[in-house]
Each structure stands twice: as C-alpha cells, then as structure tokens.
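Structure, as structure tokens:
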Amino acid sequence: MIISIIGVNGAGKSTQCRLLMRHLINTGASAVIVKPVDKKTRNRFAKLIKKNSLISTNFLFFSFYRNQAEKLIELQKQGKIAITDRYIESFLLFQQMYGLIKSGHTCLYQEVEKMIFTDARPDIIIYLQVSMAKANKRIALRNRDDENYENIVTYRASVRLYKKLASTKNGVIIDGHASELVVHNQILAALNL
Numbered sequence: 001m002i003i004s005i006i007g008v009n010g011a012g013k014s015t016q017c018r019l020l021m022r023h024l025i026n027t028g029a030s031a032v033i034v035k036p037v038d039k040k041t042r043n044r045f046a047k048l049i050k051k052n053s054l055i056s057t058n059f060l061f062f063s064f065y066r067n068q069a070e071k072l073i074e075l076q077k078q079g080k081i082a083i084t085d086r087y088i089e090s091f092l093l094f095q096q097m098y099g100l101i102k103s104g105h106t107c108l109y110q111e112v113e114k115m116i117f118t119d120a121r122p123d124i125i126i127y128l129q130v131s132m133a134k135a136n137k138r139i140a141l142r143n144r145d146d147e148n149y150e151n152i153v154t155y156r157a158s159v160r161l162y163k164k165l166a167s168t169k170n171g172v173i174i175d176g177h178a179s180e181l182v183v184h185n186q187i188l189a190a191l192n193l
C-alpha cells in the first residue's frame with residue numbers, strides 16, 4: 001500500500017508521516033517513509049533550478065522521482081506500507097510550474113510520468129490543507145536558513161492541484177490547522193485505522 005501525504009511547505013507532511021509510521025509500526029505493520037530526496041539535496045536542487053536549463057533540471061528531477069518509485073515498488077513486493085512525503089503530486093506540480101507542462105509538452109509529460117512511476121501509484125492521497133500564513137509561520141518556527149517559504153504563486157498553484165487530486169475517490173482533504181494529534185487522528189480515521 002502506498003499512502004501519499006501532500007500539502008504545501010509547512011502543512012505538516014513530515015510530522016504526520018512520522019506519526020503515521022510510528023502508529024503503524026506500533027500496531028504490528030511494517031511501514032516506511034519514502035521521500036524523493038533528503039532535505040539537503042532538495043534545497044541544493046531548488047538553487048540549481050534557477051541556474052540550469054530546463055533539460056538538465058528535468059533530468060535531475062526525473063532521477064529523484066524514479067529512485068523513489070523504485071523504492072516504492074520494492075516495498076510493495078515486500079508487503080510493506082509506504083508513506084510518501086512528496087510523490088507524484090509534487091512531481092506534477094513542479095512540471096506545471098517549471099517543467100514540461102509549463103513549456104507546452106503535456107503529451108511528453110504523460111509519457112515521462114508513466115515511465116518514471118509505472119504502477120507505483122498512491123492507494124490513498126491525504127491532502128493537509130493550511131493557509132499560506134499558517135504554513136509560513138510554521139516554516140519560520142523551524143528557524144533554519146535553508147527553508148523555502150510559500151509565496152502566493154506557488155501556494156495558489158499547489159492548493160488548486162492538491163484539492164483536485166484529493167477530491168478523487170481515493171483522496172481525502174484534512175484541515176491541517178488543528179493540533180498534530182487531531183490531524184493524526186483524522187488521518188487514522190481516513191485510513192480506517
């Protein structure tokens with residue numbers, strides 16, 4: 001099973017992924033969090049986006065997400081529950097804002113998406129919805145120099161896409177403004193745990 005937790009920066013994705021993994025392990029399940037890249041690499045990549053060509057940026061991005069998909073495929077074979085903190089939904093958002101879709105290559109995007117993610121698709125998508133103000137407040141509280149704050153353009157694009165994806169039959173929207181425990185319990189309820 002693949003559980004995809006999505007939301008803007010500061011929505012609480014990493015926190016909820018950790019809480020869910022602990023809960024699943026404590027109940028006897030085998031669960032793992034799988035990210036496309038670690039935070040340090042992601043921040044370096046964000047700086048490269050501005051300096052590189054579209055082709056080289058996309059190549060790096062494709063590699064990160066193909067690596068994540070391969071890990072998910074292996075975990076599925078092992079019967080483990082995989083929790084993703086940024087997955088195909090973030091990939092799609094990036095392509096809409098900076099990549100193939102923005103440059104008018106929608107058909108190519110669809111082929112690349114199939115090639116990268118194959119059958120490793122989320123069984124459920126959990127969208128943690130928060131306001132931009134709340135997200136940026138949480139980001140500021142992290143007190144790190146390398147954080148990416150939400151701006152109105154990325155925030156609106158994220159919300160529009162994530163709401164659409166979470167409105168499908170395998171999606172759920174959770175108000176991420178509540179306390180960590182309340183949000184965690186809502187996630188457990190959505191998963192029937």
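The sequence shown maps to residues 1 to 193 in full-length UniProt numbering.
For every residue, glycine included, the Cβ atom is placed at its ideal position computed from N, Cα and C.
>> Please classify residue 158 as buried or exposed, where buried requires at least 16 other C-beta atoms within 10 Å of its C-beta.
In response: By the neighbour-count rule (16 or more Cβ atoms within 10 Å), residue 158 is buried.
>> Rounded to whole angstroms, what is the Cα-Cα separation between residue 54 and residue 34?
In response: When rounded, the separation of the alpha-carbon atoms in residue 54 and residue 34 is 26 Å.
>> Going by beta-carbon coordinates alone, are residue 57 and residue 180 separated by less than 7 Å?
In response: Not in contact: residue 57 and residue 180 (Cβ atoms no closer than 7 Å).
>> Spatial neighbours of residue 109 within its chain, please: C-beta separation below 6 Å, excluding the five flanking residues on both sides.
In response: Around residue 109: 95, 100 and 101.
> Quick one, which of 125, 116 and 60 has its alpha-carbon nearest residue 85's?
Replying inline: Each of 125, 116 and 60 was checked against the Cα of residue 85, and the nearest Cα belongs to 125.
>> Whole angstroms are fine: how far does the CA of residue 155 sit from the CA of residue 1?
In response: Roughly 29 Å separates the two Cα atoms.
> Taking C-alpha atoms, which residue in 136, 36, 73 and 19 lies nearest to residue 152?
Replying inline: It is 136 whose Cα lies nearest to the Cα of residue 152.
>> Using only the alpha-carbon positions, how far apart do residue 162 and residue 170 sit?
In response: Put simply, the backbone Cα of residue 162 is about 13 Å away from that of residue 170.
> Taking only runs of the alpha helix (DSSP H) that begin and end inside the stretch 143-183, which ones reach a length of at least 4 residues, in chain order?
Replying inline: Taking 4 residues as the minimum length, the alpha helix (DSSP H) runs contained wholly in the stretch 143-183 are 152-166, in order along the chain.
> Which runs of the alpha helix (DSSP H) spanning at least 4 residues fall entirely within the stretch 82-138, listed in chain order?
Replying inline: Within the stretch 82-138, the complete alpha helix (DSSP H) runs of at least 4 residues are 88-97 and 106-117.
> Mind checking residue 12: buried by the 16 CB within 10 Å criterion, or exposed?
Replying inline: By the neighbour-count rule (16 or more Cβ atoms within 10 Å), residue 12 is buried.
> I think residue 98 touches residue 68, with their Cβ atoms under 8 Å apart; what is that distance to the nearest whole Å?
Replying inline: 18 Å between Cβ atoms; not a contact.
> residue 83 and residue 3 look like a contact to me (Cβ under 8 Å); what is the Cβ gap, rounded to whole Å?
Replying inline: Indeed, because the Cβ distance is near 5 Å, the residues count as touching under 8 Å.
> In angstroms, rounded to a whole number, what distance separates the CA positions of residue 190 and residue 20?
Replying inline: Spanning the two alpha carbons is a distance of roughly 12 Å.
> Anyone know if the C-beta pair for residue 10 and residue 139 falls short of 7 Å?
Replying inline: Yes.
> Helix, strand or coil: which one does DSSP assign to residue 31?
Replying inline: Looking at residue 31 - three-state DSSP - the assignment turns out to be strand.
>> My assumption, with CB atoms under 8 Å, is that residue 183 sits in contact with residue 141. Please give the rounded CB distance.
In response: Between residue 183 and residue 141 the beta-carbon gap is near 16 Å, outside 8 Å, which marks them as no contact.
> With 16 as the cutoff for other CB atoms within 10 Å, does residue 107 come out buried or exposed?
Replying inline: Classified as exposed, residue 107 has fewer than 16 neighbouring CB atoms from the shown chains inside 10 Å of its CB.
> By the 10 Å Cβ neighbour count, where 16 or more other Cβ atoms means buried, how is residue 115 classified, buried or exposed?
Replying inline: Residue 115 is exposed by the Cβ-count criterion.
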